[in-house]
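A short write-up of the structure that comes next.
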Amino acid sequence: MKTFFSLLQKKLFAENAPLVMLVGLCPLLIASKTLISGLVMAAAISSVLIFSCVVISLVRKLIPDNVRLVAYMIIIATLVSVAEIMIRAYLPTHYVNLGIYIPIIASAGIVFAQADNVASKNGIVVSVIDGTLTAITFSIVIITVSFLRELLGSGTILSHRMIEEEYGMSFALSGGGGLVILGMLAAVVKKINSIKKSKKEGE
Amino acid sequence: MSFSDILSLSLIAIFAENIVLGQMLGITPFLKNSQSMKSAVKAGVSVTLTMLVVAILAYVTEKSIIMPFRLDYMRTVIFVTIVAGGLCICEAILRKKSSYFAEKTEISPSYIAVNTAVLGIMLITVNANLDFLSSVIYAFASGIGFTVAIIIFASVRERLEYSDVPKAFEGVPIALITAGLIALAFSGFQGIKFM
Chain X
0 MKTFFSLLQK KLFAENAPLV MLVGLCPLLI ASKTLISGLV MAAAISSVLI FSCVVISLVR
60 KLIPDNVRLV AYMIIIATLV SVAEIMIRAY LPTHYVNLGI YIPIIASAGI VFAQADNVAS
120 KNGIVVSVID GTLTAITFSI VIITVSFLRE LLGSGTILSH RMIEEEYGMS FALSGGGGLV
180 ILGMLAAVVK KINSIKKSKK EGE
Chain D
0 MSFSDILSLS LIAIFAENIV LGQMLGITPF LKNSQSMKSA VKAGVSVTLT MLVVAILAYV
60 TEKSIIMPFR LDYMRTVIFV TIVAGGLCIC EAILRKKSSY FAEKTEISPS YIAVNTAVLG
120 IMLITVNANL DFLSSVIYAF ASGIGFTVAI IIFASVRERL EYSDVPKAFE GVPIALITAG
180 LIALAFSGFQ GIKFM
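First to last, the sequence lines map onto chains X and D.
Here numbering that gives the first Met the number 0 is used: position 48 in the first sequence is 47, and no number is missing along the way.
Here numbering that gives the first Met the number 0 is used: position 116 in the second sequence is 115, and no number is missing along the way.
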């Protein structure tokens, strides 16, 4: 359990997928206008990440190296289609809201980077643990960003009013506002990383 | 389709609905390839050409395979197969034919497939039910929009290298904030009516 938390810490700060490695920003920015759509996107990406790790680590020895990219992308696209059909069936209002942005996950960098860097080189247990940690990291980031954007932009949290409507900043709801909030979060993560590094060097 | 229709459609695609700064597609390659002007231009041109070809293929498969056989649920898989498979074949041919390309093994055109803008343009043109000419123009203009955005951003980043940024904001964070401010500037185009 202790190693799990230290691994999670490493994933969350030193190797943060969206804020340090800059992958998966596209679904993150699009789905973070409201907290509930952020939660739906977090669930979709997490399930795709974990199942793609399972499938790819199982078939990794059967795929020749030069067609590996195509094979991984087809596997990921199949899983994304499954997620899309599930969302269409159980959460139809969110399917309408997110529109083309659920199939977009199929070419998002975060799933592919995970498949290419981890699942293609390791066994099923290691890749699933790593995939779960990446999914947790992504979920934490998207939930934070969507919380801030909904609170600042429309003054609500899960449609409960927190701030009067006339004080909402519409900039936070636009894509540019999302990028600025992400930049602030990236600065926080970078600061924590540098504090940790200086602590390690001091010991 | 008159000339003014073509002009307004391409202006909408380049400025009002800019693929990166308006619709937030393809942000990752936008940030990663804008380190220098050279790589920015390279990325812009390759994405524009890929988008043009891919939009034609998307229209053809949508009309000849997906619609007649009611394969809506397979659309993502079919489109991803077209993009990734097509780029993989291109790469194989290039490696066989061009000695310059075979030596520079670190360049891999297949990685253009891992760009949400390319899959995005296929889904946008198909979902909006554009006709053939409009979808080709829209895709090409979106590619130009990507190129314009990445060139602007690369020139800003070249200046950022020499500016005094707070330590925690160096590198990625200031790049994200700058991209956000450029997107804010681009959102000014959304109010203009091009018709």
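For glycine and all other residues, C-beta sits at the position ideal for the given N, C-alpha and C.
None of the values given here were measured: they were computed from a predicted structure.
Taking residue i as the query, report the chain X residues whose CB atoms sit under 9 Å from its CB, ordered along the chain.
i	result
tyrosine 137/D	Those do not exist, as tyrosine 137/D stays about 14 Å from chain X at its closest Cβ, beyond 9 Å.
lysine 62/D	By Cβ distance, chain X contributes nothing, its closest Cβ being about 18 Å from lysine 62/D, past 9 Å.
asparagine 126/D	Gly98 and Ile99
cysteine 89/D	In chain order: nothing, as chain X lies at least about 12 Å away.
leucine 30/D	Leu21 and Leu24
threonine 80/D	Val69, Met72, Ile73 and Ala76
So which of the options has the shortest CA-CA distance to residue i?
i	options	result
asparagine 114/D	Leu132/D, Ser133/D, Leu86/D and Asn128/D	Leu86/D
glycine 122/X	Ser56/X, Pro17/X and Ile35/X	Ser56/X
serine 51/X	Leu38/X, Met72/X and Glu165/X	Met72/X
isoleucine 35/X	Gly182/X, Ala186/X, Ser158/X and Lys199/X	Ser158/X
valine 81/X	Ile104/X, Thr92/X and Leu151/X	Ile104/X
serine 126/X	Val110/X, Ser106/X and Asn15/X	Val110/X
valine 53/X	Gly152/X, Val117/X and Pro91/X	Val117/X
alanine 54/D	Gly119/D, Ala15/D, Ala182/D and Met66/D	Gly119/D
valine 22/X	Leu175/D, Ala184/D, Lys192/D and Phe188/D	Leu175/D
valine 47/X	Val187/X, Asp64/X and Gln113/X	Gln113/X
proline 26/X	Leu184/X, Ala41/X, Leu78/X and Val19/X	Ala41/X
serine 45/D	Asp163/D, Ile149/D, Lys166/D and Ile111/D	Ile111/D
methionine 85/X	Ile77/D, Ala91/D and Tyr72/D	Tyr72/D
alanine 116/D	Tyr137/D, Ser133/D, Ser97/D and Leu129/D	Tyr137/D
valine 144/X	Ile49/X, Ala43/X and Gly182/X	Gly182/X
Just to make sure I have the definition right: I need the residues of chain D whose C-beta is within less than 8 Å of the C-beta of residue i. Which are they?
i	result
serine 173/X	Ala182, Leu183 and Ser186
leucine 61/X	Neighbours of leucine 61/X on chain D: none; closest Cβ ~17 Å, over 8 Å.
threonine 77/X	Val76
Taking all protein chains shown into account, decide if residue i is buried (16 or more other Cβ within 10 angstroms of its Cβ) or exposed.
i	result
aspartate 129/X	buried
valine 95/X	exposed
threonine 2/X	exposed
proline 28/D	buried
valine 124/X	exposed
tyrosine 99/D	exposed
serine 205/D	No answer is possible for residue 205/D: the residues shown for chain D start at 0 and end at 194.
leucine 6/D	exposed
phenylalanine 2/D	exposed
alanine 13/X	exposed
threonine 146/D	buried
glutamine 189/D	exposed
glutamate 202/X	exposed
proline 17/X	buried
threonine 124/D	buried
proline 102/X	buried
methionine 0/D	exposed
valine 59/D	exposed
glutamine 8/X	exposed
arginine 59/X	buried
lysine 32/X	buried
isoleucine 26/D	buried
Can you pull the chain X residues whose beta carbon is under 8 Å from the beta carbon of residue i, in chain order?
i	result
asparagine 114/D	Ser106
isoleucine 123/D	Ile99
alanine 215/D	The question about residue 215/D has no answer here: the residues shown for chain D are numbered 0 through 194.
glycine 190/D	Result: empty, since nearest Cβ-Cβ is about 13 Å, beyond 8 Å.
The alpha helix (DSSP H) with residue i in it runs from where to where?
i	result
glutamate 149/X	123-152
glutamine 113/X	108-113
proline 26/X	24-29
arginine 59/X	Element bounds for arginine 59/X: n/a, residue is neither H nor E.
arginine 69/D	That residue, arginine 69/D, is in no alpha helix (DSSP H); it is neither H nor E in DSSP.
phenylalanine 2/D	2-10
threonine 115/D	115-126
asparagine 116/X	Note, asparagine 116/X: premise wrong, no alpha helix (DSSP H); not H, not E.
glutamate 200/X	174-201
valine 52/D	36-60
glycine 142/D	131-159
glutamine 8/X	1-8
valine 69/X	67-89
alanine 174/D	171-185
phenylalanine 12/X	First-last for phenylalanine 12/X: undefined, no H or E at that position.
phenylalanine 29/D	26-31
Chain D partners of residue i, CB-CB under 9 Å?
i	result
lysine 189/X	Lys166, Ala167, Phe168, Glu169, Gly170, Val171 and Pro172
glutamate 83/X	Tyr72 and Thr75
glycine 182/X	Phe168, Val171, Pro172, Ile173, Ala174, Leu175, Ile176, Thr177, Ala178 and Gly179
glycine 176/X	Gly179, Ala182 and Leu183
serine 80/X	Tyr72, Met73, Arg74, Thr75 and Val76
Which bits of chain X does residue i rub up against, with CB to CB less than 7 Å?
i	result
threonine 27/D	Leu21, Val22, Leu24, Cys25 and Gly108
glycine 142/D	Those within 7 Å of glycine 142/D in chain X number zero; the least Cβ separation is about 16 Å.
Along chain D, in chain order, which residues have C-beta atoms closer than 7 Å to that of residue i?
i	result
isoleucine 29/X	Met23
Chain D contacts from the stretch 101-113 of chain X (Cβ-Cβ distance under 7 Å):
When C-beta distances to chain D are compared with 7 Å, the residues of the stretch 101-113 of chain X below that value are Pro102, Ile103, Ala105, Ser106, Ala107, Gly108 and Phe111, in chain order.
Note down, in chain order, all residues in the stretch 119-149 of chain X with a beta-carbon under 8 Å from any beta-carbon belonging to chain D.
So nothing in the stretch comes that close.
Under 9 Å (Cβ pairs) to chain X, residues found in the stretch 39-53 of chain D:
Closer than 9 Å at the C-beta level to chain X, one finds no residue of the stretch 39-53 of chain D.
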